[in-house]
Amino acid sequence: MPRSPHEAAAELLRRRQARRDLLEFVRYTKGDYEPNWHHERIAAKLDDLASGRITRLMVFAPPRHGKSELVSRRFPAYLLGAHPNTSIIACASTADLASDMNRDVQQCIMSPEFQRLFPATQLRPGRANSSTFETVAGGRYICAGVGGPITGRGGDMLIIDDIFKNAEEANSPTIRSKIRRWYETTFRTRAMPGARILITLTRWHPDDLAGQLQTLMGSDRNADQWEVLCLPALAGEGTPTETDPRRPGEALWPARFPVRSLMAAKAGCIPADWLALYQQAPIREGGNHFRRDWFRRCRVGQFDTAGDSFVLIQPDGTTRRVMRDACQVIVTADPATSEKETNDPTAIGVYAMTPSGDLLVLSVIAEHLDLGAIPDRLVATANAWGATYIALESDGFQVSVARATREVAGCPAVRELSHEGKGKLSRAIPAIIRAQSGQIYVLQGADGQELPWVGSFLDECEQFTGLSGNRDDRVDTLAYAVLEMPTLAANGPTLVAASRRARHGASTSDEDDEDVSDLPTSRHRW
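Quick note on the working numbering: the sequence shown kicks off at 4 and runs consecutively.
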């Protein structure tokens, strides 16, 4: 049936948009496609990769959330449509999986919808099979399983999709080492000048290929510098962010996988599998959850007057300046019951949250203090750093410490925190995730030297197991600081006002204490 002029104009507009925007291309070539906001984020990053605005991209998302449809099926077809002479190399965990993706790309290219957009992209007759195909313009798509035949071929776009078959492979040091070597000596060497590399996978292990490449990026500015898009099934503490508009606990794709179904999946998983499969935040079973090289460095900088900014040092050696007045500083503490050397010490940490959601570790000490000396030390530390408030664990005997702290002259606001029956590892997981993501910075001296307390803090983080009986008091202060970040972000002005009243003695009533204590406490949603 002939189209009206309006319909014809609308069709032309759709085609024009589909030729220059990946998400519009997917909508046009896959009529039933209904993207969620996270598909828009992935597609935008892929557009950046296609245009060369970025050259290295990692995308992490839970199973069945549409990442492979975009990354491994539509994106290669879109590239070959826009640039028919492009050479693409795509690898997956198995040759069968790679062949399936190859077939889907070919079917997309041969579809009437694709041909209406890119008629110049045609498959070369007799040059298409389950492992490769060519275009009449000289483009080529090659696929293989890990270790498969890609040597002797060069690629403009190199793609890896789910390189491990399962958790058993990812947990094997031998297989992880083998894949890293394959990546360095085979896959990475296929990159043509100006080539781009795209990796999407399930984060089964902190030291998987993605983790290794991110660690290398952080330790060597000459290494590939990766853009990382991580989309957990349930939003974690610290959201919303620039790339994730959700609030903590909200589902990534609620129309397909609502919170209730995700919680059912979580109930059927061991915690490590849930964190890896759904949250893209793998942990090391049996300990070593933190890695020392995850923690970046910062220093106090100078602008017009001394010490009015923090300078955040990036992995490539560049720096980012954050005005000190724009940061929210808090003191967190895990009070101990005794000053005996055989007991746990009292740990006191000073942390600053930047406007962009990074956490700065300014000071962490652990000392065996007399119970009566803890309140004075907390208030002195808070005032020395200009902290907005003091947050301290307040279960059992620690309730009395919180009350005594409020009575010290000049005390800022105090928030009492409860672990609510959660284990140490559960409380620390948000901090582990932030550290792994490069969002925690440890203060260093002006001359770049390590401050005296830093070594003990990082040692404890490295040795942290989450099991009872281990020294983890410093880690507790870090865990609580990260859990407080949503409260800081949402209630900063209220907290500052409450602290001013408390410091200046304007009111010492229980009602003023409730101004702070009754604010929404960050909840651990993993």
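Just so it is clear, CB atoms sit at the ideal spot from N, CA and C, and this is done for glycine as well. All of these numbers come straight from a predicted model, not from anything done at the bench.
Cβ neighbour criterion (16 or more within 10 Å) applied to residue i
i, result
"Thr242", "buried"
"Trp40", "exposed"
"Asp223", "exposed"
"Met326", "exposed"
"Cys233", "buried"
"Gln90", "Sequence inspection shows Ser at residue 90; the Gln mentioned does not correspond to that position. Ser90 is buried by the Cβ-count criterion."
"Leu470", "exposed"
"Asp475", "buried"
"Ser312", "buried"
"Cys272", "exposed"
"Pro415", "buried"
"Asp307", "The predicted model places Asp307 with a pLDDT of 47, which falls under 50 and marks its position as unreliable; any figure quoted below should be read in that light. Its Cβ having fewer than 16 others within 10 Å, Asp307 is exposed."
"Asp164", "buried"
Given residue i as reference, the closest of the options once Cα atoms are compared
i, options, result
"Gly360", "Ala493, Thr154, Pro209", "Ala493"
"Pro196", "Gly55, Ser71, Ser114", "Gly55"
"Asn105", "Tyr144, Phe63, Ala85, Trp207", "Tyr144"
"Asp347", "Ala336, Thr357, Pro248", "Ala336"
"Ala123", "Thr138, Arg130, Pro433", "Thr138"
"Arg44", "Tyr31, Ala64, Gly34", "Ala64"
"Gly142", "Gly155, Gly221, Pro79, Pro378", "Pro79"
"Ile316", "Val445, Gly252, Pro87, Ile162", "Val445"
"Gly399", "Gly451, Ala339, Arg437", "Ala339"
"Leu486", "Leu420, Gly150, Asp247, Gly441", "Leu420"
"Leu461", "Pro115, Ala369, Thr321", "Ala369"
"Thr480", "Ser440, Gly451, Lys427, Pro318", "Lys427"
Cβ neighbours of residue i in the same chain (closer than 7 Å, five flanking residues each side left out)
i, result
"Asp24", "Asp50"
"Ala147", "Cys94, Ala98, Ala101, Ser134, Ile153"
"Leu52", "Leu60, Arg199, Leu201"
"Gly69", "His42"
"Gln20", "Glu27"
Which of helix, strand or coil DSSP assigns to residue i
i, result
"Arg56", "coil"
"Pro378", "helix"
"Pro251", "coil"
"Pro489", "helix"
"Gly84", "helix"
"Ala390", "coil"
"Cys464", "helix"
"Ala226", "coil"
"Leu212", "helix"
"Cys111", "helix"
"Thr345", "With a pLDDT of 45 at Thr345, under the threshold of 50, the modelled position of that residue is not reliable, and the figure given next carries that caveat. Reduced to three states, the DSSP call for Thr345 is coil."
"Leu446", "strand"
"Val149", "coil"
"Leu362", "strand"
C-beta atoms of residue i and residue j nearer than 8 Å
i, j, result
"Gly352", "Val382", "no"
"Ala279", "Thr192", "no"
"Val334", "Ala385", "yes"
"Gln282", "Leu216", "no"
"Thr188", "Val62", "no"
"Val417", "Asp379", "no"
"Gly441", "Trp297", "yes"
Cut-off 8 Å between Cβ atoms - residues of its own chain near residue i, not counting five sequence neighbours on either side
i, result
"Pro14", "For clarity, residue 14 is Glu in the given sequence; the question names Pro instead. Excluding positions up to five away in sequence, the list reads Arg6."
"Ile435", "Ala284, Ile286, His292, Phe293"
"Gly1", "Since the first residue shown for the chain is 4 and the last is 529, residue 1 is missing from the structure and cannot be characterised."
"Arg249", "Ala238, Thr242, Pro243, Leu255"
Other residues of its chain near residue i: CB distance less than 6 Å, five sequence neighbours each side excluded
i, result
"Ser366", "Val353"
"Asp211", "Ala173"
"Leu126", "Phe136"
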